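Each residue of the sequence shown is one higher than the one before, starting from 112 at the first, in the UniProt record's numbering.
Every residue gets a Cβ at the ideal spot worked out from N, C-alpha and C, and that includes glycine.
Remember, it's a predicted structure, so these values are computed and weren't measured experimentally.
Down below is the structure, laid out as C-alpha cells.
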Amino acid sequence: ESRLNKNYTFNNFVEGKSNQLPRAASYQVAENPGSAYNPLFIYGGVGLGKTHLMHAVGNYIRTRSPDARVAYLHSEQFVAEMIKALQLNAINEFKARYRSVDVLLIDDIQFFAGKERSQEEFFYTFNTLLEVQHQIILTCDRFPKEVNGLEERLKSRFGWGLTVAVEPPELETRVAILMNKANIESVALSDDVAFFLGRLIYSNVRELEGALRRVIAYSRFTRRPITMELTREALKDLLALQEKLVTIENIQKTVAEYYKIRVSDLPSKRRSRAIARPRQIAMTLSKELTDHSLTEIGKSFGGRDHTTVLHACRKIDELKRTDRRVAEDYQNLLKRLST
Ligand code: ADP
Ligand code: MG
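Here you go:
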C-alpha cells in the first residue's frame with residue numbers, strides 16, 4: 112500500500128561526509144515527523160541515496176507507528192494518478208487520498224516541471240499537509256530554485272523547512288558501501304578489490320553496486336573466489352572504457368576546459384584565485400580518481416610538495432560542503448570524467 116521498499120533503511124545506509132547532513136536530517140524527521148523540518152527537501156545527482164533516505168524515514172516511522180499512513184510516490188506517478196482521476200471524474204477522491212496521509216514522500220519532483228495542473232494540485236496538497244503538521248519529504252535532482260518550469264510559489268515553499276544536498280561519496284565511503292553490500296550478500300571482499308572498485312566508479316552509488324553485483328555473479332558462475340584477477344575479468348568492458356580515460360593529464364585537460372583556463376596554468380606558479388581553485392580541484396580529483404600518490408600528483412602539478420596536494424584535498428573537501436558553487440563544479444567534473 113505505502114509502496115515502501117523494506118530494504119532501504121537507516122541501518123543499511125552507510126554514512127560518510129558526503130551524506131552526513133541529509134542522513135542526520137532524515138533521521139531527525141523520522142524521530143519527530145511533522146515537527147523537526149517540514150518539508151525536508153533532499154537534492155543531488157543520480158544514484159546518491161535520495162530515494163533510499165526517503166524510504167528509510169518511511170520505514171522508521173512505520174516501525175514505530177504501524178498505523179501511520181505513509182505514502183511514497185514518484186512525482187510522475189502523482190501526475191499520472193491525477194490525470195486518471197480527471198478522466199474518471201474522481202478528482203475529489205484523488206484530492207482526499209493525498210491530503211489525508213500522515214507522511215507524504217514525493218520523489219524526483221523535477222518531473223513536475225511544466226505540468227501546471229499537477230503543480231497546482233500538489234500545491235494544495237502541500238499546504239493542507241503542512242497546516243496540520245504532517246510530514247512532507249521531497250527529492251529533486253537539483254537545487255529547487257534551479258528547476259525550470261516550476262511555479263515560484265512552490266519553489267519558495269520548498270525552502271520553508273530544510274534543504275539538504277547529497278554529494279558523491281568520498282573514496283572511503285564508497286569502499287564502506289561496498290563492504291556493507293558484500294556483507295549483506297555474505298561475500299568476502301578484500302581491501303584490494305574494494306578499493307579498486309571504489310576508484311573505478313565514483314559518481315553514482317547505484318553503478319557502484321551494479322559493478323559489485325557483476326563481480327559477485329561472475330564469481331558464483333565461475334566458482335572462483337573474488338580476487339583482483341577475477342574482478343578485472345568480470346569488468347573487462349568497463350575497464351577498457353575507464354582505465355585509459357582517467358589520468359592526471361586527462362583530469363587537467365578537463366578541469367582547464369571547464370574553467371576556461373589553459374592547461375599550462377595548472378602546473379604554473381600563478382596564485383590568483385581563478386587559477387588556484389581549479390588547480391586544487393584538479394589535485395583533489397587526481398587523488399580521488401587515480402592510483403597516484405600525493406607526491407606523484409604534486410610532481411604533475413609543477414613539482415609541488417605532497418603537503419600542498421594534501422592541503423588542496425582538505426580545502427576542497429571542506430568547500431564541497433560549504434560552497435555550493437564548488438560542490439556543483441566538482442560534481443559536473445566527475446560527470447565529465449566518467450563519460
Ligand atoms: P537516488 O535516489 O539519489 O538516485 P538511490 O537512493 O536510488 O539514489 O540510491 C541508489 C542505490 O545506491 C540504492 O540501491 C541505494 O540503496 C544505494 N545507496 C546510495 N547511497 C548509499 C549509502 N550511503 N549507503 C548504502 N547504500 C547506498
Ligand atoms: Mg531516486
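Cβ pair residue i, residue j closer than 8 angstroms
i, j, result
"Asp219", "Ser186", "yes"
"Ala367", "Val125", "no"
"Tyr183", "Ser229", "no"
"Leu323", "Leu341", "no"
"Phe222", "Arg264", "no"
"Asp376", "Ile392", "no"
"Leu289", "Leu300", "yes"
"Thr333", "Thr401", "no"
"Ile153", "Thr236", "no"
"Pro378", "Gly413", "yes"
"Ile295", "Asn123", "yes"
For residue i, the nearest candidate out of the options (CA to CA)
i, options, result
"Pro427", "Gly413, Asp416, Glu399, Ser449", "The sequence shown places Ile at residue 427, rather than the Pro named in the question. If we check each option's Cα against that of Ile427, Glu399 comes out closest."
"Ser314", "Val140, Ser129, Val420", "Ser129"
"Pro150", "Leu215, Pro177, Ala182", "Leu215"
"Ala167", "Ala293, Ala136, Ala276", "Ala136"
"Glu439", "Lys117, Asn122, Val140, Gly155", "Gly155"
"Leu350", "Arg384, Thr406, His245, Arg310", "Arg310"
"residue 68", "Gly272, Ile327, Val212", "The question about residue 68 has no answer, for the chain in this structure spans 112 to 450."
"Thr120", "Lys371, Gly321, Tyr370, Met165", "Met165"
"Asn238", "Lys371, Val140, Arg210, Phe254", "Arg210"
"Lys161", "Ser375, Ala201, Pro280, Arg415", "Pro280"
"Leu346", "Gln363, Gly272, Arg325", "Arg325"
"Leu273", "Asn361, Glu257, Pro133", "Pro133"
"Leu448", "Pro378, Asn361, Arg436", "Asn361"
"Arg384", "Ile359, Leu405, Thr433, Val437", "Val437"
"Leu421", "Lys410, Asn294, Met394, Lys431", "Met394"
"Ile217", "Asn259, His163, Tyr171", "His163"
"Lys226", "Asn200, Gly270, Lys195, Val190", "Val190"
"Leu240", "Lys256, Ala207, Phe254, Gly270", "Ala207"
"Met339", "Phe306, Asp434, Asp416, Ser176", "Phe306"
"Asp434", "Glu278, Gly321, Tyr369, Tyr329", "Glu278"
Residues bridged to residue i (per DSSP)
i, result
"Phe121", "None; Phe121 has no bridge partner."
"Arg154", "It is Tyr, not Arg, that sits at residue 154 in the sequence shown. Looking at the DSSP assignment, Tyr154 forms a beta bridge with Cys251, Ala276."
"His185", "Asp218"
"Gln246", "Val214"
- Query: Whose CB is closer than 7 angstroms to a heavy atom of the ligand MG? List the residues in chain order.
  - Reply: The answer, residue by residue, is Lys161, Thr162, Asp218, Asp219, Thr250.
- Report yes or no: do three or more beta-carbon pairs, one from the segment 137-149 and one from the segment 245-262, lie closer than 8 angstroms? With the rule of 3 Cβ pairs closer than 8 angstroms, the segment 137-149 counts as touching the segment 245-262.
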